[in-house]
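Since the structure comes first, as structure tokens, the remarks are kept for the end.
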Amino acid sequence: MPERRKWLYALYSLIPNVLVTIWLPVSFVFSYATMTTEDLVPSSLLTSIQVAINVIGCSVKIVVMAFLLPKLRTANVFMDRLDARCRAEEEIAELRKIVQQGNRFVVLFAMSYWSYASSTFLGSVIFGRPPYALYNPFIDWRKSRLEFIAASLMEFALMDVACFQQVVDDSYAVIYVCILRTHMNILLMRLGRLATNTETKLEENLEELKLCIIDHKNLLGLYDIVAPIISVTIFIQFMITASILSATLINIFIFADQLSAQIACCFYILAVVVEIFPLCYYAQCLMDDSERLSQQIFHSNWIAQDVRFRKMLVFFMQRTQRVMELNAGKIFPITLGSFLNIAKFSFSLYTLIKKMGIRERLGLE
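Its first residue numbered 1, the sequence shown is counted upward by one per residue in my numbering.
Here it is as structure tokens:
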């Protein structure tokens, strides 16, 4: 928060966050309660429901993150310690790489989310309906063209701000996991150089080993802070992703007759997949990297070292047996296998509903 005019900053932060975090999900719920029989078009209803699930889930995640943010900021202490140890050119290059990678993740999330919001807005407006037909006590989009345009632009603006929130909520986890991976790889590089220089004294090798042990301790400290926070938010995301994918697949293959609606649903599937796939992939890579630590330690030149070095090395190897595994709600492992299981569940649910013949019963054939 800035030193001057804090009230102005608080007001600027409060208005969009209240509108998107509270009003947007509430307006989705109210829109279903006030919906007329003319509005009960299956395709439009499912489009609204699939977004409503994500909007409500995003609001829950934002509220959770607001409470967990002070704890997440304590991770800066460990990151500062780990960054201060990077002095070699190749280590500094790794840090620069993770900065660029973090920026790319933010752009990737933003592009995928806003492409859906834009395609839904354009497709709906072309066919004379607001994107989500949200409940609005002040504007009735059916009365006049001006009110229709105002309602559509208002919904588009709210959804854009919601996309901002979603980008923050979904990108932080994969960025922190990539930071863990980067410092893990830097530690692996240091262990690969450990005791390899024959001109280095035994005492210097011992001191370098001690520094590597401290690096690993700081790495575990960072992991212990980040892992429980990611566990809570990604558990919520796993639950809503399975529901959204099922609803979107049903909408595409059963109810969505218009090409614009099908294109918007495809963009939405892309956005939903982007929400969890990068994290699942990099969490899997982090597990694999942490398992390599003990092997890298064993392949160091420990035979030529003294007894103190060997004893400390054995202790270090025992400490590195702890695998850095991330879990969603301490139930599901965050791995590529979990991502595939969510996709399988969504397709299974879609197949079940398709076999029930809902399209035929509603006379949509």
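Note that the Cβ used here is the ideal one computed from N, Cα and C, for glycine as well.
Where Ala227 falls, given that 16 or more other Cβ within 10 Å makes a residue buried: Buried.
Inter-residue spacing [alpha-carbon to alpha-carbon] between Phe339 and Tyr281: Distance from the CA atom of Phe339 to the CA atom of Tyr281, rounded to whole angstroms, is 9 Å.
Distance, Asp215 Cα to Arg190 Cα: About 10 Å.
C-alpha gap between Ala117 and Leu158, whole angstroms: Their backbone Cα atoms lie some 10 Å apart in a straight line.
Pair within 7 Å by beta-carbon distance, Ala162 and Val20: One thing to note: Ala162 has its Cβ within 7 Å of the Cβ of Val20.
Proximity of Thr335 and Gln284 at Cβ, strictly below 7 Å: Between Thr335 and Gln284, the C-beta spacing is below 7 Å.
Spatial neighbours of Gly102 in its chain, beta-carbon cut-off 6 Å, leaving aside the 5 residues before and after: Ile175.
Contact under 7 Å by Cβ, Ile276 with Thr241: Cβ atoms of Ile276 and Thr241: closer than 7 Å.
According to DSSP, residues forming a beta bridge with Phe332: Answer is Ala328.
Extent of the continuous alpha helix (DSSP H) to which His183 belongs: Element bounds for His183: 145-193.
Separation of Arg142 from Ala133, as counted between CA atoms: If I take the Cα positions, the gap works out to 10 Å.
Beta carbon of Phe267 nearer than 7 Å to that of Ser119: Judged by their CB atoms, Phe267 and Ser119 are nearer to each other than the 7 Å cut-off.
Candidates Glu94, Ser115, Leu14, of which the one nearest Val274 by Cα: Of the candidates Glu94, Ser115, Leu14, the one whose C-alpha sits nearest the C-alpha of Val274 is Ser115.
Buried versus exposed call for Pro25 [16 or more other C-beta atoms within 10 Å across all chains shown]: Around the Cβ of Pro25, a 10 Å sphere holds 16 or more other Cβ atoms; the residue is buried.
Start and end residues, alpha helix (DSSP H) containing Asn136: Neither: Asn136 is in no alpha helix (DSSP H) and is coded neither H nor E.
Complete alpha helix (DSSP H) runs within the segment 200-256 (minimum length 4 residues, chain order): For the segment 200-256, whole alpha helix (DSSP H) runs of length 4 or above, ordered along the chain, are 202-250.
Extent of the continuous alpha helix (DSSP H) run through Gln100: Where Gln100 is concerned, the enclosing alpha helix (DSSP H) stretches over 89-126.
Same chain, Cβ closer than 7 Å to Ser301, neighbours up to 5 away in sequence not counted: Looking at the sequence shown, residue 301 is not Ser but Asn. Excluding residues within five positions, the ones whose Cβ falls inside 7 Å are Ala195, Thr196.
Sequence-distant residues of its chain with Cβ nearer than 8 Å to Glu147 (five each side left out): Beyond the five residues adjoining it in sequence on each side, Glu147 comes within less than 8 Å, by CB distance, of Ile139, Asp140, Trp141 in the same chain, given in chain order.
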